[in-house]
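Protein chains in written order, with the numbering used here: chain Z, 1 to 259; chain F, 1001 to 1658. Comments concern the structure below.
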Amino acid sequence: MSAASPEKLLQVDNVSLSFGGVQALSEVSFDVHRHEILAIIGPNGAGKSSMLNVINGFYHPQRGSITYKGQTRKAMRPHLAARQGIARTFQNIALFKGMTALDNIMTGRNLKMKVGFLLQALHLGPARREEIEHRLHVERLIDFLEIEAIRKTPVGRLPYGMQKRVELCRALAMEPDLLLLDEPMAGMNVEEKEDMCRFILDVNDEFGTTIILIEHDMGVVMDISNRVVVLDYGCKIAEGTPDEVRANKQVIDAYLGVG
Amino acid sequence: MSTHPVPEDSGSPKGQLNTFPAMFMEAVRRYGDKRAFFQEKEYGIWQSYGWGESLENVRTLAAGLSTLGLKRGDKVCIVGDNRPHLYWGMLATQALGGVPVPLYQDSIEKEMAFIVDHAEARFVLVEDQEQADKMLSIKDTCPRLEWVIYKDPRGLRNYQETYLLSYAAVQEAGRELLKRTPGFFEDQVARGRSDELAVICYTSGTTGVPKGVMLCHGNFILSSHELQKYEALGNESIMAYLPMAWVGDFFLSLGLAIVGGYTVNCPESGSTVMQDLKEIGPTIFFGPPRIWENLLTTVMIRMEDASWIKRRMFHYFIGHAMRMQKKINRHQKTGLGERLLYQLGRLLVYGPLTDRLGLNRLKLAYTAGEAMGPDTFDFFRSLGINLKQIYAMTEAGIFMAVPMNGDVRSDTNGPPVPWIDLKISPSGEVLIRGPGMFTGYLKNEEATQGAFQDGYFKTGDAGFLDKDGHLVIIDRVKDVSHLQDGTMFAPKFLENKLKFSPYIKEAVAIGQARPFVTAMLNIDLEAVGSWAERRNIAFTGYTDLAQKSQVYELVLAEVNKVNASLAEEERTQGTTIRRFLILHKELDPDDEEITRTRKVRRGFIGEKYKALIEALYSDATNVSTEAKVTFEDGRTAMVKANLEIRNTAADTGAREGA
């Protein structure tokens, strides 16, 4: 299912990023097409998470540029990224542990809330209407990700796989155009992984969300992504469909063939 | 309602209330949209569907199905969680003279393929992608299957199969047809006869392949009316959460609900049943023993975590209620003081507790399918819940014995119901005859013949009628066995005793033709897990936790308790458990170790765990094993483990005695 006329949603041009003497990314360029699932793979420390952090503006690259929705910038800014429809989940879950799953997901709607602070605090007419509207949206997602049973459970009490799902749900609550998933399946068992795969495919299918994911499980990557970008020591060594990447000599040497 | 259609009455004039669709239309005339037929929790809110709205859905779906070529007598398989749309699918099928065949939604492909093919179903109605995928993969092995209709389009958008249709599309086609022929639906319903099949329920089959039990409209309508009278029911509210494939759900959620005009509540998902129960507070609740045991376990776990003052109060008042219950069981008088204390308990503990469980509006609570541990039973009755152990079976058109209000006991199933003729064969087997009976097994003349003896249906259960005419079921006829020395040994009885412990989830008692009794156990992961957490015992999963020596100590204490109570009774003192082990995996229907209704398949387990059983009857203190685990999609994996075997206090006693 490859896109017929790839429309570029995001363009990364010659991005280089270093922390002191450590070169995290050097001259990395790739495109992300609308509606695709793009996987970024590579050994530990290859710069995968740094790449995501550059895309959503958490890190500012020293060189290169990011073009998102036709606008070219030296660097993104996190609040700008969020407002423009980039959502993400984290490698080590970043939820509000003491809050319920539902409340956590509702925070994902924060940027969409238009009513002023005062009305919200008093919970008056417009604020109430707005909350109902957002709650309905969130409930649809809860139904979508099949987490009805834990709606009112504080997330700190949930098993790891479930927390990951809540985090994905919160990201989706933003109705993102671009979703960044940082190792969505790390530490999961086979069954949880399969569930997560199905959800990622469904999200892509149902909402047309473009997805960039970092993942170590090669089976998963090859199964669900349309294209793969391979990083090694901060450099892009390959890019293409899963089959092309699998056949790439450099990739086999650097990553797949090892062990 | 004054008319009582009799099933034999097949030549009844048109328009009589002799089929479910006809009764359904009558109910619609009576209640319209003023009363809800279904309520379904969706998006966190209970959405309600009135009777009129339901009719509209059934009418358009039926018309749509007929445009696809559904003819009288065609079978329609229905797979999914309890959803109004699937129940409507059943009614729509029946309205056209077709026969719904509900399947267990957690069955694997192989099992589904067998039933779809055996029933010669041309249509399958599924809930969602999960079930649709199974149907697509078995399509080739079921040549008669023509159409797969799904309710929830999620994930199915890009499927190309032309035989895959959405529920909405079928209804849309139905609307077109109804525009051309407005009276189509009513005509079809009027053609229904009471001796036509209402449903085919496949029995889970503890032995061999599943058998399709054929039941007519007349059977159900009669027993629904009778039960309604017997229990003096009015406008009730029920929870539809048990598998649709189980005849009891069909009887309650369609049969009784239509006859009595009930509201049927569908939970949000399988995992939210307990929360939904609390919100609905149904007046009728039907649950197999394991559901009640789960409820009890949850209560016990919660109490362990409660503050000490609550815990003290709970144990004090529950203790009191249980003592009163025991007295009532023995028909002893209770004193005024005791009764006053009970009222105080009701105010402080029993009321709030049943409210939290969602059971405080219950008029009727049934359990069936397996014998229930007497302590579980007493626990709920002592809280003031009218829990009854009934005797029912798919083939019997369900109810055979139901205790009467005011005379409910933990050790009997009450008197046989008046509309059924029940007797005990000389060999001790329960035999029944009556108008509510099934008409045979689908395409299995041999089994049908074999199931009857002189016009009576052989239930396969060993039992007797006590001096008050109450039915007591001992075990399956084939499962009652003897130890080497001839001591009578009813494994299920022991297993139920073991399973009363909150820490033991499943048990298999072994002893046939053996010198003494041994057991293989499953711990309850939730209960033991929480116990372990409180003691800072780290574990990775079931297999790891099950083999912790602390867990063995915990379970040993539970087994010793069971042995102590066995030793009290003369009849059972010879069957105390001398050795046991904790299995490294949970018994699972996917591995064919227990049925989907969680009945232990002894023959299969005896074969599969042969090595373990031999070790139990040797002097070994541990045994290593590996077992195959089957995932829901049919793939398998091996689990290896080294299992410890423990001797109980009863064993030490016996050795010292010898």
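Each residue gets a CB set at the ideal place from its N, CA and C atoms; glycine is no exception.
Phe1038 of chain F has F:Tyr1049 and F:Val1264 as its beta-bridge partners, per DSSP.
Distance from the CA atom of Gly1270 of chain F to the CA atom of Leu25 of chain Z, rounded to whole angstroms, is 47 Å. Leu1017 of chain F and Val1273 of chain F have their C-alpha atoms spaced approximately 34 Å apart. Judged by beta-carbon spacing, Asp223 of chain Z lies beyond the 8 Å limit of Lys193 of chain Z, meaning their Cβ atoms are not closer than that value. Between the stretch 1252 to 1263 of chain F and the stretch 1406 to 1418 of chain F, the count of Cβ pairs shorter than 8 Å is below three; the stretches do not touch. Taking 7 Å as the upper bound on Cβ-Cβ separation, chain Z lies near residues Glu1268, Ser1269, Ser1271 and Thr1272 of the stretch 1258 to 1292 of chain F.
Here Arg1030 of chain F is exposed. Its C-beta has fewer than 16 other C-beta atoms within 10 Å. Counting along the chain, Gly1460 of chain F sits inside no alpha helix (DSSP H); it lies in the beta strand (DSSP E) bounded by residues Tyr1456 to Leu1465. In this structure, Ile1115 of chain F keeps its C-beta atom at 8 Å or more from the C-beta atom of Met1244 of chain F.
Residue range Val1099 to Leu1103 is occupied by the beta strand (DSSP E) that includes Pro1100 of chain F, with no alpha helix (DSSP H) assigned at that position. Not one beta carbon of chain Z lies nearer than 8 Å to the beta carbon of Gly1358 of chain F. Annotation for Lys1492 of chain F: the continuous alpha helix (DSSP H) segment containing it runs Pro1491 to Lys1499. Residue state for Cys1142 of chain F is assigned as coil, using DSSP reduced to three classes. Per DSSP, the beta-bridge partners of Pro1416 of chain F are F:Ala1401. Against chain F, a Cβ distance below 7 Å from Ala173 of chain Z picks out nothing, because the smallest value is about 14 Å. Contact between Thr1625 of chain F and Ala1641 of chain F holds: their C-beta atoms lie close to 6 Å from each other, under 8 Å. A distance of 8 Å or more separates the beta carbons of Arg77 of chain Z and Ile66 of chain Z. Looking at the backbone, the Cα of Glu1293 of chain F and that of Asn1444 of chain F are separated by about 36 Å. Secondary structure note for Asn44 of chain Z: it is in no beta strand (DSSP E), with a DSSP letter that is neither H nor E. Close to Arg140 of chain Z, with beta-carbon spacing below 8 Å, are these residues of chain F in chain order: Tyr1043. The alpha-carbon of Ser1066 of chain F is positioned some 21 Å away from that of Cys1216 of chain F. For the 8 Å CB-CB criterion, Leu1483 of chain F and Gln1453 of chain F do not form a contact.
Burial state of Thr1141 of chain F is exposed, judged by a 10 Å Cβ sphere holding fewer than 16 other Cβ atoms. Using a Cβ-Cβ cut-off of 8 Å, Glu27 of chain Z is close to nothing in chain F; its nearest Cβ partner there is about 37 Å away. When rounded, the separation of the alpha-carbon atoms in Leu145 of chain Z and Phe199 of chain Z is 7 Å.
Counting along the chain, Phe30 of chain Z sits inside the beta strand (DSSP E) bounded by residues Val22 to His33.
DSSP, reduced to helix, strand and coil, places Asn1642 of chain F within a strand of the structure shown. Checking the DSSP bridge columns, you'll see Met1214 of chain F partnered with F:Ile1200 and F:Gly1440. As DSSP reads the structure, Ser65 of chain Z sits in a beta bridge with Z:Asp13.
According to DSSP, residue pairing for Phe1380 of chain F in a beta bridge does not occur. At a Cβ-Cβ threshold of 8 Å, Phe1457 of chain F and Gly1428 of chain F do not count as neighbours.
At least one beta carbon of chain F lies nearer than 8 Å to the beta carbon of Arg151 of chain Z. Chain Z places no beta carbon closer than 8 Å to that of Asn1082 of chain F, leaving this residue out of the contacts. Remark: three or more beta-carbon pairs, one from each stretch, lie closer than 8 Å, so the stretch 162 to 176 of chain Z and the stretch 96 to 109 of chain Z are flagged as touching.
Flagged as an interface residue toward chain F: Glu206 of chain Z, by a C-beta distance shorter than 8 Å.
For Ser1549 of chain F, the secondary structure class from DSSP, reduced to helix, strand or coil, is helix.
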